[in-house]
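Here the working numbering is used: the first residue of the sequence shown is 461, the next is one more, and so on.
Every residue, glycine too, gets a C-beta built ideally from N, C-alpha and C.
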Amino acid sequence: MEERRPETPAEANGSAAVFVVLGKQLKLLRERAGLSQREFGGLVGYGPDQISAMERGVRTPRPEFLKQADELLNAEGLFIEVIPQVEEAMSRARTRHPEWYRSYAAMEAEAVELHFYANSAVPGLLQTKGYAQAVFRQRRPFLSDETIEKRVADRLSRQQVFDRWPPPIVSYVLEEVLLDRPIGGVAIFKDQLCNLLRVGDMRNVEIQVMPTRREEHPNLDSAFNLLVPKGHGQVAYMEAQGFPQLITDREEVRKVADRYGIMRAMALSPTESRSLIAQKLEDL
461 MEERRPETPA EANGSAAVFV VLGKQLKLLR ERAGLSQREF GGLVGYGPDQ
511 ISAMERGVRT PRPEFLKQAD ELLNAEGLFI EVIPQVEEAM SRARTRHPEW
561 YRSYAAMEAE AVELHFYANS AVPGLLQTKG YAQAVFRQRR PFLSDETIEK
611 RVADRLSRQQ VFDRWPPPIV SYVLEEVLLD RPIGGVAIFK DQLCNLLRVG
661 DMRNVEIQVM PTRREEHPNL DSAFNLLVPK GHGQVAYMEA QGFPQLITDR
711 EEVRKVADRY GIMRAMALSP TESRSLIAQK LEDL
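As structure tokens, this is what we get:
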């Protein structure tokens with residue numbers, strides 16, 4: 461069966477090559493310094509998956525990161541010197557997502573507000589590399605290893621939205637079942653729960669859990685996203701069984717936003733949610 465949503469062609473403007481070469485240099489100097497990806501990430505405020513993505517050239521290193529890396533890895537100005545080229549490449553880089561996802565991905569990258577309701581899996585912006593790989597490997601019909609690698613890389617690259625300044629306002633309502641389904645196995649799922657705690661600590665991010673025991677629920681339907689693109693009104697995005705829908709009609713968006721507001725009021729507070737996630741992690 462032919463896949464309905466093919467990947468877009470590789471970038472033709474040369475931007476990707478800049479990041480690949482930079483990633484190789486970063487990996488070489490990190491290993492020469494005797495640091496693991498996790499150890500180095502701890503020094504610069506990034507997770508190991510993010511460092512891995514930068515070393516593979518699928519995540520754009522921010523100028524602030526390059527300055528830190530230059531000092532910590534004794535690069536003697538190597539990374540600082542390439543900042544202008546990186547900034548130019550970033551301005552020329554095109555989205556690497558499937559055609560059906562392009563319009564949403566472009567808006568998400570520049571949105572001033574992002575709000576997510578998830579009821580079947582941890583949302584993409586919160587996923588670790590291991591969790592994302594497990595999600596794509598379990599897809600039916602099966603995806604090729606090459607397609608899985610591309611989709612995981614694209615998913616991790618979207619997480620650069622957390623590195624922007626000023627940062628967007630981000631909120632999540634996650635069904636409690638997501639904290640009980642160990643997709644990928646216990647080790648991968650532990651790392652995923654740790655990532656929820658890490659991202660939830662960001663000043664601009666609020667993660668709330670909707671308890672399974674709630675007897676009432678305003679949205680017994682599919683997951684959805686709400687976002688406010690820069691300079692535009694709020695829009696909604698949802699996908700059911702692989703069929704995406706971007707909603708721009710004001711009245712329809714208002715209905716989705718209304719349901720989301722009710723769910724936030726019914727869910728546990730961010731502090732209570734953090735305690736619950738920590739407890740689930742401890743119980744694994």
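Item                                                                                                                         : Value
6 Å CB neighbourhood of Val646 in its chain, flanking five on each side removed                                              : Leu744
Cβ neighbour criterion (16 or more within 10 Å) applied to Pro469                                                            : Residue placement at Pro469 is flagged as unreliable, the pLDDT there being 31, under the threshold of 50; a coordinate-derived value is accordingly withheld.
Terminal residues of the alpha helix (DSSP H) in which Ala613 lies                                                           : 605 to 618
Chain-order list of residues whose beta-carbon lies under 6 Å from that of Phe649 (same chain, five-residue window excluded) : Pro642
Cβ shell of Ile511 (< 7 Å), same chain only, five flanking positions each side left out                                      : Gln497, Phe500, Gly501
Euclidean distance between Cα positions of Leu446 and Lys484                                                                 : An answer regarding residue 446 cannot be provided, because it is not within the stretch 461 to 744 covered by the chain.
Closest by C-alpha distance to Ile629, when choosing among Ala613, Glu666, Pro523                                            : Glu666
Sequence-distant residues of its chain with Cβ nearer than 6 Å to Leu526 (five each side left out)                           : Phe539, Ile543
Three-state class that DSSP yields for Pro523 in the structure shown                                                         : helix
Outcome for His692 when other beta-carbon atoms lying within 10 angstroms are tallied against a minimum of 16                : exposed
Alpha-carbon to alpha-carbon, Gly507 and Thr672                                                                              : 30 Å
Cβ pair count under 8 Å reaching 3, the region 654 to 669 against the region 581 to 592                                      : yes
Leu482 versus Glu675 - alpha carbon distance                                                                                 : 52 Å
Residue burial classification, Ser735 (beta-carbon count within 10 angstroms, cutoff 16)                                     : exposed
Proximity of Ile722 and Pro678 at Cβ, strictly below 8 Å                                                                     : yes
Rounded straight-line distance, which links the Cα of Glu570 to that of Thr520                                               : 15 Å
Spatial distance of Glu568 from Asp614 (CA atoms)                                                                            : 13 Å
Status (buried if at least 16 other CB within 10 Å, exposed otherwise) for Ser682                                            : exposed
Run of the beta strand (DSSP E) containing Glu452, from where it starts to where it stops                                    : Residue numbering for the chain in the displayed model covers 461 to 744; residue 452 lies beyond these limits and cannot be assessed.
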